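If you're matching positions, the sequence shown starts at 73 in my numbering and goes up one per residue.
What follows is a single structure, written as C-alpha cells, with notes after it.
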Amino acid sequence: MTRCGVVTHMATCPRSSSLSRALLFPYLHSLTQTLCEPISIARFSSTMKQPRPPPLFVRSQAKRGSFFKQDQVAATSDLEFEAPLKIVEYPEPILRAKNKRIDTFDDNLKKLVDEMFDVMYKTDGIGLSAPQVGINVQLMVFNPADEHGEGDEIVLVNPRVNKYSKKTVLFNEGCLSFPGIYADVKRPESVKIDARDINGARFSVNLSGLPARVFQHEFDHLEVFSSSTFCSFLLLLGLMTRSYMSVAFASFTNKPELLLMVLQGILFFDRMTEEVLDSIREGLQALEKKYEDKTGFPSPERIETRRSKKVAAGFGKL
Numbered sequence: 073m074t075r076c077g078v079v080t081h082m083a084t085c086p087r088s089s090s091l092s093r094a095l096l097f098p099y100l101h102s103l104t105q106t107l108c109e110p111i112s113i114a115r116f117s118s119t120m121k122q123p124r125p126p127p128l129f130v131r132s133q134a135k136r137g138s139f140f141k142q143d144q145v146a147a148t149s150d151l152e153f154e155a156p157l158k159i160v161e162y163p164e165p166i167l168r169a170k171n172k173r174i175d176t177f178d179d180n181l182k183k184l185v186d187e188m189f190d191v192m193y194k195t196d197g198i199g200l201s202a203p204q205v206g207i208n209v210q211l212m213v214f215n216p217a218d219e220h221g222e223g224d225e226i227v228l229v230n231p232r233v234n235k236y237s238k239k240t241v242l243f244n245e246g247c248l249s250f251p252g253i254y255a256d257v258k259r260p261e262s263v264k265i266d267a268r269d270i271n272g273a274r275f276s277v278n279l280s281g282l283p284a285r286v287f288q289h290e291f292d293h294l295e296v297f298s299s300s301t302f303c304s305f306l307l308l309l310g311l312m313t314r315s316y317m318s319v320a321f322a323s324f325t326n327k328p329e330l331l332l333m334v335l336q337g338i339l340f341f342d343r344m345t346e347e348v349l350d351s352i353r354e355g356l357q358a359l360e361k362k363y364e365d366k367t368g369f370p371s372p373e374r375i376e377t378r379r380s381k382k383v384a385a386g387f388g389k390l
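What follows is the structure, encoded as C-alpha cells:
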C-alpha cells in the first residue's frame, strides 16, 4: 500500500482579479437556499440550472479555469513554523484552505523543508505537503525510498501539472492526514510537471510509476480549483455541514474573495468511487468524531452528507 501523505507499507493560472459581489451573487443566491434543508450535490446542481445564469464573463473565465485561481504570494508570516512539526488530520479546515505561492527562497524555507522531511520519516511517510503540517503554501517533499539517507529526496515548490497521461492505474493509497485508512485510487500512470527547486530554479520533469503517484497525491493537497476540478467543489459543498456553510456564506456576503478559501485542497477520498469510499466511511466518521471531541466544535465536513456519484473527481491541466 502507498500512503501518500504518504506512507508505504507492502505493496505495490493566469491570475484573475478579486471576485466581486456582483459576479458571485447568482451563485450565493442559489447556494444559500440550500442552507434550510439537507445539503446534496443533486440539490446544488439543480439550483445552478435555474434561470438567471451567471454573467457571460463568469462562465468564460470558469471555462478557462482562471476564475477559480488566484495565486497569492506567501508573506514571511505564512512560512513561520514551530519545530517539531505535527501532522494535521482530517477534517481540519486547514486541509481545504488556499495555499499561497512561494516567492522567497531563503534559509527559513530550507529549514521548513528539513523539518517536513523529518516528520515524514518519523511517521513512515514517503510524501508530505505543507498544508499537512499546518502551513498553507505550495510546497511538497517526498522520497519514494521511505528511508532517510536512501533514494532521492525531492522538493517541489509551486508545482504545476503540464500534462497527465491518458493511461490510468488503480493503486492502494493511504494518507498521513487519514491515519489507518487505505483504499484504491485511480490516477494517471505518468505526469509531466513544472516546478521550482529549493533554490528557486525552474525546471520540468516527467514522472511515472510510484513517484508520479506520490506527486499526484501531494499535488491534490495543494491544487487550486480550475474548471477541470470544479466537480470537487460540488463535492466539497456536499460534505460541508449546514452550520459551517452558514458561517462561510455569511462571510462571503461581505468578503466574496473568501470563497476561494474553500475552493482548494482535494483529499484522496475525493478521487474514490462510491463503492470504494464505502469501505472507509466508518474510518472517516471516526476521524470526524475525534475532531469534535478534541475541539468541541462540529466537524466542518461530514462524509455522511456526501451523495452518491458515478465517477471520482477528474484530472486536468492547470
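We put the CB at the ideal spot given by N, CA and C, even for glycine.
Keep in mind it's a predicted model, so treat the numbers as computed, not measured.
Mapping the DSSP letters down to three states, classify residue i as helix, strand or coil.
i      : result
Lys170 : coil
Thr240 : strand
Phe369 : coil
Ser351 : coil
Ile265 : strand
Ile375 : helix
Val205 : helix
Leu228 : strand
Val286 : helix
Glu245 : strand
Leu200 : strand
Lys235 : strand
Between residue i and the rest of its own chain, which residues show a CB-CB distance below 7 Å, the 5 nearest in sequence each way excluded?
i      : result
Ser351 : Ala255
Gly272 : Phe177
Gly223 : Asn215, Pro216, Ala217
Phe189 : Val213, Glu225
Tyr193 : His220
Met333 : With a pLDDT of only 43 at Met333, under the threshold of 50, the placement of this residue in the model should not be trusted, and no figure is reported.
Beta strand (DSSP E) containing residue i: first to last residue?
i      : result
Val400 : Look at the range of the chain in this structure, 73 to 390, and you will see that residue 400 is not part of it.
Arg274 : 274-280
Met212 : 211-214
Leu339 : Element bounds for Leu339: n/a, residue is neither H nor E.
If I measure Cβ to Cβ from residue i and keep anything under 8 Å in the same chain, skipping five residues before and after, which residues do I get?
i      : result
Phe391 : Summary: the structure shown does not reach residue 391, with the chain confined to residues 73 through 390, and so no result is reported for it.
Pro165 : Pro372
Asp175 : Val145, Ala146
Ile270 : Phe177, Leu181, Lys182, Val185, Val227, Val229
Gly355 : Phe250, Gly252, Ile253
Asp150 : Lys172, Ile207, Asn208, Val209
Quick one: give me the first and last residue of the alpha helix (DSSP H) that residue i is part of.
i      : result
Leu181 : 179-194
By Cβ distance below 6 Å, which residues in the same chain neighbour residue i in space, the five residues on each side in sequence not counted?
i      : result
Lys239 : Glu261
Val348 : Ala255, Asp256
Asp266 : Arg232, Asn234, Ser276
Glu295 : Ile338
Val191 : Leu157
Ala202 : Val209, Leu211
Pro283 : Pro216
Please determine if the segment 155-164 and the segment 349-365 are in contact, where contact requires at least 3 C-beta pairs separated by less than 8 Å.
Touching, per the Cβ criterion.
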